[in-house]
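**Student:** Take a look at this one; I'll ask things after.
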Amino acid sequence: MKKSIATKILLMLMVGMLVLLTGCGSNIKADNPNLGVYEATTGEVNGIKVNISDVFEGGFTIELKAGGKATITSKDESGNFKWTLEGEKFHGEDSQTSLDGTLKDGVLVLENVQDSGVTMTLVCKEIAGSDDEEEK
0 MKKSIATKIL
10 LMLMVGMLVL
20 LTGCGSNIKA
30 DNPNLGVYEA
40 TTGEVNGIKV
50 NISDVFEGGF
60 TIELKAGGKA
70 TITSKDESGN
80 FKWTLEGEKF
90 HGEDSQTSLD
100 GTLKDGVLVL
110 ENVQDSGVTM
120 TLVCKEIAGS
130 DDEEEK
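Here the sequence shown is numbered in numbering that gives the first Met the number 0, starting from 0 and rising by one per residue.
This is the structure we're talking about:
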C-alpha cells in the first residue's frame, strides 16, 4: 500500500517537472566526462525506494550537453534546461524550476526534487562523444 502511494507521488512529481522544464538546447559534443545520457534508475520518498521503470514505462533520462545545456525526456515528452557543476555539486534550472544534487563517477543524484522530498538517482548510460555513440 505504501509503495503504491509513493509510486503515485513520484509519478506526479516527475510529470510536473517535465511540464515545467523549458528552454533551448543543442547537441554539441565536447571533451567533458560528465556529458552524456543519464537514465533514472531509482526514486526514494519517505524511505521507500521505487524502481523508475515501474513509474515511467518509457524511461526517464537527462542528457547533459556541452555549453551547460541539457534535455530531460520521458516517453515522447521533453524539455530543455541549463546546468552547472561546481566540484560534485550539480545545479539545473529553467525559468520556473530548479534541480540540485551531486554528480560523481557517472551517477547523478537529484535531491528533494521540486521540494517534494523525492531523491532520484540517474546513471550515465551513454557518454557524449564516445566511440559507441559515434558508431550509431
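Even for Gly, the Cβ is constructed at its ideal location relative to N, Cα and C.
1) With 16 other CB atoms within 10 Å as the buried threshold, where does Lys-48 fall?
2) Alpha carbon to alpha carbon, how far is Leu-107 from Val-122?
3) Just the Cα atoms here: how many angstroms apart are Thr-120 and Gly-66?
4) Taking the C-alpha atoms as reference points, what is the distance between Ala-69 and Asn-45?
5) With Ser-73 as the anchor, note down where its alpha helix (DSSP H) starts and where it stops.
6) Who are the near neighbours of Val-36 in its chain, counting only those whose CB is closer than 6 Å to its CB and skipping five residues on each side?
7) Kindly indicate the opening and closing residues of the beta strand (DSSP E) around Asp-30.
8) Quick one: residues in its chain with C-beta nearer than 8 Å to the C-beta of Thr-41, no 5 flanking neighbours on either side, listed in chain order?
9) Identify whether Ser-52 lies in helix, strand or coil by the three-state DSSP scheme.
10) Would you report the Cα separation of Thr-189 and Leu-109, rounded to the nearest angstrom?
11) When you compare the CB positions of Gly-57 and Asp-75, do they come within less than 9 Å of one another, or not?
12) Let me confirm a value: Ser-94 is counted as buried when at least 16 other C-beta atoms fall within 10 Å, else exposed. Which label applies?
**Tutor:** On the basis of the supplied data:
1) exposed
2) 6 Å
3) Looking at the two C-alpha atoms, the distance is approximately 23 Å.
4) 28 Å
5) Counting along the chain, Ser-73 falls outside any alpha helix (DSSP H), though it belongs to the beta strand (DSSP E) covering 68-73.
6) Thr-60, Glu-62, Lys-124 and Glu-125
7) Premise fails: Asp-30 is in no beta strand (DSSP E) and is neither H nor E.
8) So the list reads Lys-48, Val-49, Asn-50, Ile-51, Met-119 and Thr-120, once near-sequence residues are dropped.
9) helix
10) Missing from the structure shown is residue 189; the chain here goes from 0 to 135 and no further.
11) The answer is yes: Cβ separation under 9 Å.
12) exposed
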